[in-house]
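Engineer: Residue numbering for the sequence shown follows this note's numbering, starting at 74 and increasing by one per position. Idealized CB from N, CA, C, for every residue including glycine. Predicted, not measured: the structure shown is a model, and the values here were computed from it.
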Amino acid sequence: MAQMKVLVADDDPNVREIIRLYFEKQQIELVVAKDGREALALVETEQPDVLILDVMMPQMDGFEACREIRKKWDTPIIMLTAKDEEFDRVLGLELGADDYVTKPFSPRELVARIRAIMRRLQPKPKVEEDAPRIFSFDQLTIDLDKREVIVAGEKVSFRPKEFDLLVQLVKSPGSVWSREQLLEQVWGFDYFGDVRTIDVHIKKIRQRLDKLPYECIHTVWGIGYKFGVEA
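Following this line, the structure appears as structure tokens:
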């Protein structure tokens, strides 16, 4: 197995050193940046497998770096934040981050989250041959093989987890899924993030489906979400 390469952007040299020492023991190649601007340049040249961005950095903070990186790359991003506030967590997810870790953190937990993300990126087992590969609902078509979504006759781009979440709901129209169930089915049982991840991704999916003349993703208050074509 090829050595994993992780880019860490943090302006605190003590944090960078703690991560470096632990990553060496885990045989993880480390690339370091002191701010978001430097991280942005290193993503291009180093092509890391995972990015770890501190929220509070000079020159360019973690949020801005995440926003700029998402314009070109789908590299998994973990945000480091010193604030255990819901606003920071949600904002990071809104900008395209895959997970977050609150300071002070355990290097062991950080590596566990990295490995969990990498496992989720591995190809999924092949589904049964007789399972449907194309779902059509009036003006909405989802092609699993091409990973394409056609909305009102136009192809709409979905990020990988948005597509997977939509498919999970579409496969069983009318069934109500809790946030915890969706996390387990789409992100995996070893996901460390909180259930707000689902809400953020549902919001993005609804925005991408806004050209449909009907609602598809319905909130079931106190439980979770379901898929159904309703006027």
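Quick one: grab the DSSP three-state call for TYR298.
Structural biologist: Translated into positions along the sequence shown, residue 298 becomes position 225. Strand.
Engineer: With a Cβ-Cβ cutoff of 7 Å, do ALA114 and ALA82 count as a contact?
Structural biologist: Counted from its first residue, the sequence shown places residue 114 at position 41. Counted from its first residue, the sequence shown places residue 82 at position 9. Not closer than 7 Å, so no.
Engineer: Taking the alpha carbon of VAL302 as the reference point, which residue from SER248, ILE150, ASP85, PRO149 has its own alpha carbon closest?
Structural biologist: Here the question's residue 302 lines up with position 229 in the sequence shown. Minimum Cα distance to VAL302 is reached at SER248.
Engineer: For ASP127, report the span of its beta strand (DSSP E) as first-last.
Structural biologist: Mapped onto the sequence shown, residue 127 falls at position 54. Where ASP127 is concerned, the enclosing beta strand (DSSP E) stretches over 123-127.
Engineer: In angstroms, rounded to a whole number, what distance separates the CA positions of PHE210 and VAL174?
Structural biologist: Counting from 1 along the sequence shown, the entry for residue 210 is found at position 137. Counting from 1 along the sequence shown, the entry for residue 174 is found at position 101. One C-alpha to the other measures close to 39 Å.
Engineer: Which two residues bound the contiguous beta strand (DSSP E) that contains TYR173?
Structural biologist: Reading the sequence shown from its first residue, position 100 is the one you call residue 173. Segment 172-175, the beta strand (DSSP E) holding TYR173.
Engineer: In three-state terms, what does DSSP make of TRP96?
Structural biologist: What you label residue 96 is simply residue 23 of the sequence shown in a count that begins at 1. What sits at residue 96 in the sequence shown is Phe, not Trp. DSSP places PHE96 in helix when its eight states are reduced to three.
Engineer: Between the Cα of VAL184 and the Cα atoms of ARG279, ASP134, GLU102, which residue gives the shortest distance?
Structural biologist: One-based indexing of the sequence shown puts residue 184 at position 111. Ranking the options by Cα distance to VAL184, first place goes to GLU102.
Engineer: Between THR154 and VAL128, is the Cβ-Cβ spacing less than 7 Å?
Structural biologist: The residue labelled residue 154 in the question sits at position 81 within the sequence shown. The residue labelled residue 128 in the question sits at position 55 within the sequence shown. Yes, Cβ-Cβ distance for THR154 and VAL128 is below 7 Å.
Engineer: Considering only the beta carbon of each residue, do SER245 and ILE296 sit closer than 7 Å?
Structural biologist: The sequence position of residue 245 within the sequence shown is 172, counting from 1. The sequence position of residue 296 within the sequence shown is 223, counting from 1. Against a cut-off of 7 Å, the Cβ pair of ILE296 and SER245 comes out as no contact.
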